[in-house]
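Enquirer: Per my numbering: the sequence shown = residues 9 to 337.
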Amino acid sequence: MIFQVMSAFLEPIGWAVILVYATWPLHVRFTRILEGRNSLSALGMTLLLAALLVIPFIGLTIVLQAEMVEFFLRLPAWLDQKPELPAWLGRIPIIGAELQFIFDQFEDLQGLMRRYVLPWLTGLSGKVLGMVEGVGYLGAKLFFTVFLMFFVYRDGQRLIYEVRQGLLLALGERADEYLSTAEVTIKAVVYGIVLTAIAQGVMAGIGYWIVGIRAPVLLAAFTSFFALIPFGTVAVWAGTSLWLVLNGDYWAGVVLFLWGSLVVSWIDNLVRPLVISRTTRIPFVVVMFGVLGGLASFGFIGLFLGPVILAVGMAVWHEWLASAPPHAT
């Protein structure tokens with residue numbers, strides 16, 4: 009009964025807890041500056057995050073809606089274009105003839121794409137545009153998330169105490185280890201995966217805008233999403249740069265390729281492994297599978313639920329192995 013009553017609010021509650029956890033040190037600092045006035049600090053943090061969330065949410069929704077409409081309207085014309093192989097590529101020894109042969113088959117590929125891919129993308133566009141246009145539903149979730157954040161900031165310490173006491177009653181002393189595992193996993197996901205993906209999307213978006221791509225925000229959003237999987241970011245910006253070259257925009261393609269190689273990829277190569285290795289002893293591959301599986305199972309909140317579930321499961325597994333009696337020799 010309790011679950012049925014609260015089910016509609018579980019996702020806003022989850023996001024409120026995650027956002028408060030990620031910014032808790034700043035709340036503690038504000039509380040000290042305000043001489044211990046916890047409620048005032050909670051209100052200030054809530055208003056600050058509300059401004060940081062609501063304004064970009066509205067702007068991004070408007071831009072994405074416009075760019076997605078333009079993208080799907082132009083898609084049939086793009087599929088009808090046959091890129092020409094640059095002459096210098098065709099003259100490369102050994103592989104030049106093979107490249108020319110591949111491009112000669114491109115008309116067949118275009119036919120297959122128009123027959124199978126275009127109808128699928130058309131159906132997908134309706135679903136995606138429906139999600140983007142469902143601003144009212146998303147806005148309601150965002151409102152409840154911001155509303156709940158104030159109470160989580162204000163009563164966070166008491167909530168943590170009560171959760172810990174409940175887990176101690178249910179699980180005994182093992183509860184502290186599980187809570188610690190969940191804490192470091194959330195930190196690894198927030199700083200090592202999500203922020204890295206957002207940073208890559210932003211930097212890639214700057215590159216798309218520099219070279220004159222028509223829908224830089226939409227492509228930046230795709231880049232951030234694919235940054236959650238290994239080599240996903242490279243597939244987006246490298247594929248885009250290749251498409252520019254094949255359509256005759258050589259300098260734009262080269263500039264985007266260099267930007268992706270020297271700027272976007274280094275964010276992933278340096279920041280993500282450094283943060284994850286410093287915050288948790290959980291293997292990166294487990295965190296990655298948790299992120300992808302969580303997204304598939306729970307939606308965007310699964311970014312955090314998936315890795316936490318797998319990490320706690322690993323902790324239980326290791327504890328069970330450690331408690332097993334040694335084999336007789």
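By construction, the Cβ of each residue, glycine as well, lies at the ideal position given by its N, Cα and C atoms.
None of the values given here were measured: they were computed from a predicted structure.
(1) Would you kindly work out how many angstroms separate the C-alpha atoms of Met322 and Arg182, rounded to a whole number?
(2) If distances are taken between C-alpha atoms only, which option among Val198, Glu43, Val197, Val25 comes closest to Phe158?
(3) Could you pull out every unbroken beta strand (DSSP E) segment of at least 3 residues lying fully inside the stretch 16-46, listed in chain order?
(4) Since Val242 is in the alpha helix (DSSP H), which residue starts that stretch and which ends it?
(5) Once DSSP output is grouped into helix, strand and coil, what is the label at Pro291?
(6) Quick one, which of Phe151, Gly307, Val210 has its alpha-carbon nearest Asp276's?
(7) Considering only the beta carbon of each residue, do Val294 and Ala330 sit closer than 8 Å?
(8) Nearest by alpha-carbon distance to Lys149: which of Ala207, Leu42, Ile21, Met296 is it?
(9) Do you know offhand how far Tyr29's Cα is from Asp257's?
(10) Is Val316 closer than 8 Å to Thr193 when the C-beta atoms are compared?
(11) Is Ile221 helix, strand or coil when you go by DSSP?
(12) If I'm right that Val160 touches Leu311 with Cβ under 8 Å, what's the distance once you round it to whole angstroms?
(13) Over the uninterrupted alpha helix (DSSP H) stretch that includes Phe265, give me the two end residues.
(14) Is it a yes or a no for the stretch 29-39 touching the stretch 168-181, going by three-plus beta-carbon pairs under 8 Å?
(15) Within the same chain, show all residues whose beta-carbon is closer than 8 Å to that of Ala304, passing over the 5 residues directly before and after it, in chain order.
(16) Leaving out five residues on either side along the sequence, give the residues of the same chain with a beta carbon under 8 Å from the beta carbon of Val242.
(17) Using the rule of at least 16 other Cβ atoms within 10 Å of the residue's Cβ for burial, across every protein chain shown, is Arg162 buried or exposed?
(18) Can you find the residues in the same chain that come closer than 6 Å, C-beta to C-beta, to Glu19, ignoring five residues on each side of it along the sequence?
(19) Just confirm the distance between the C-beta atoms of Ser232 and Ile206, as a whole number of angstroms; I'd bet it's less than 8 Å.
(20) Confirm the yes/no value for this check: CB of Val294, any heavy atom of the ligand SAH, distance under 7 Å.
(21) Just to confirm, is the Cβ distance from Val299 to Leu236 under 8 Å?
(22) Going straight from the alpha carbon of Leu55 to that of Phe230, what length do you get?
(23) Which of helix, strand or coil does DSSP assign to Gly180?
Expert: Quick look at the numbers:
(1) In the sequence shown, counting from the first residue as 1, residue 322 sits at position 314. In the sequence shown, counting from the first residue as 1, residue 182 sits at position 174. Distance between the alpha carbons of Met322 and Arg182: 13 Å.
(2) The count along the sequence shown starts at 1 and reaches residue 158 at position 150. Looking at the Cα atoms, Val25 is the closest of the given residues.
(3) none
(4) As a position in the sequence shown, residue 242 is number 234, starting the count at 1. Where Val242 is concerned, the enclosing alpha helix (DSSP H) stretches over 240-254.
(5) Position 283 of the sequence shown holds residue 291. The answer is coil: DSSP assigns Pro291 none of H, G, I, E or B.
(6) Sequence index remark: in the sequence shown, residue 276 carries index 268 (1-based). Taking only the C-alpha atoms, the option nearest Asp276 is Val210.
(7) For the purposes of this step, residue 294 is taken as residue 286 along the sequence shown, with counting starting at 1. For the purposes of this step, residue 330 is taken as residue 322 along the sequence shown, with counting starting at 1. Cβ atoms of Val294 and Ala330: not closer than 8 Å.
(8) As a working note, residue 149 is residue 141 in the sequence shown. When each option's Cα is compared against that of Lys149, the closest is Ile21.
(9) Numbered from its first residue, the sequence shown carries residue 29 at position 21. Numbered from its first residue, the sequence shown carries residue 257 at position 249. Cα to Cα, the separation comes out at about 46 Å.
(10) The residue given as residue 193 occupies position 185 in the sequence shown. The residue given as residue 316 occupies position 308 in the sequence shown. Yes, the pair counts as a contact, with Cβ atoms nearer than the cut-off.
(11) Your numbering for residue 221 matches position 213 in the sequence shown. It is coil, neither helix nor strand.
(12) To locate residue 160, count along the sequence shown from 1; it is residue 152. To locate residue 311, count along the sequence shown from 1; it is residue 303. Not confirmed; about 18 Å, so no contact.
(13) Numbered from its first residue, the sequence shown carries residue 265 at position 257. Residues 258-267.
(14) Contact between the stretch 29-39 and the stretch 168-181 is absent: fewer than 3 CB-CB pairs across the two stretches fall below 8 Å.
(15) Here residue 304 refers to the residue found at position 296 of the sequence shown. Cβ neighbours of Ala304 within its own chain (closer than 8 Å, five residues either side excluded): Gly310.
(16) Counted from its first residue, the sequence shown places residue 242 at position 234. Closer than 8 Å at the Cβ level, and outside the excluded window around Val242, lie Gly268, Ser273.
(17) By one-based count along the sequence shown, residue 162 stands at place 154. With 16 or more Cβ atoms within 10 Å of its Cβ, Arg162 is classed as buried.
(18) Counted from its first residue, the sequence shown places residue 19 at position 11. Taken in chain order, the residues that qualify are Ile309.
(19) Numbered from its first residue, the sequence shown carries residue 232 at position 224. Numbered from its first residue, the sequence shown carries residue 206 at position 198. Ser232 to Ile206, Cβ: 6 Å. Contact.
(20) With respect to the ligand SAH, the structure shown offers nothing to examine, as it has no ligands at all.
(21) Within the sequence shown, the letter at position 291 stands for residue 299. Within the sequence shown, the letter at position 228 stands for residue 236. Yes. Within cutoff.
(22) In the sequence shown, residue 55 corresponds to position 47, counting from 1. In the sequence shown, residue 230 corresponds to position 222, counting from 1. When rounded, the distance between both Cα atoms is 29 Å.
(23) Your numbering for residue 180 matches position 172 in the sequence shown. Note: Gly180 maps to coil in three-state DSSP.
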